[in-house]
Amino acid sequence: MAHDLEAAVILRRKQVEAAGCGSRSTIYLRIEQGLFPKPVKLGARAVGWPAREVAAINAARIAGKSDDDIRKLVQRLQAARSEGATQ
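If you use my numbering, the sequence shown corresponds to residues 18 to 104, in order.
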C-alpha cells in the first residue's frame, strides 16, 4: 500500500528544484538533452513529475552515472510510465 502511494506522488516544479534537480531552466535544459524525464500534464497550465522518477535520477547522479547511463534511465522511466498507462 505504501509503495502504491509513493508511486502516485507527483512533485511540482518547485519541489523538484528543492530536491536538488536544479533551477527551472536547468530542469528544462536537461529534459531537452534527455537527462530528465518529461513532466506529466496535470491540467491546462500545471505539470509535475512522479516522485519515484525524480528519486531515480538523483540516485543515478549520486552514484556517478554517466550522461549516457542517465539518458538510458530516462528512456526506461518514460517507457514504464507509458506501460503503466495502458494497464
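C-beta: ideal position from N, C-alpha, C; glycine also.
Is residue j closer than 9 Å to residue i when the C-beta atoms are compared?
i      : j      : result
Pro-56 : Val-64 : yes
Ala-96 : Asp-86 : no
Arg-98 : Glu-70 : yes
Arg-30 : Ile-44 : yes
Ala-80 : Val-26 : no
If you reduce the DSSP assignment to three classes, tell me which class residue i lands in.
i       : result
Lys-31  : helix
Gln-95  : helix
Lys-58  : strand
Gly-101 : helix
Val-71  : helix
When you compare each of the options to residue i by their alpha carbons, which one comes out closest?
i      : options                             : result
Gly-37 : Gly-101, Ala-97, Ala-73 and Arg-93  : Ala-73
Val-91 : Arg-47, Lys-58 and Leu-28           : Arg-47
Gly-51 : Glu-100, Leu-94, Gly-101 and Ser-99 : Leu-94
Asn-75 : Val-33, Ala-25 and Val-26           : Val-33
Drop a sphere of 10 angstroms on the beta-carbon of residue i, count the other beta-carbons inside from all chains shown, and report buried for 16 or more, exposed for fewer.
i      : result
Leu-28 : buried
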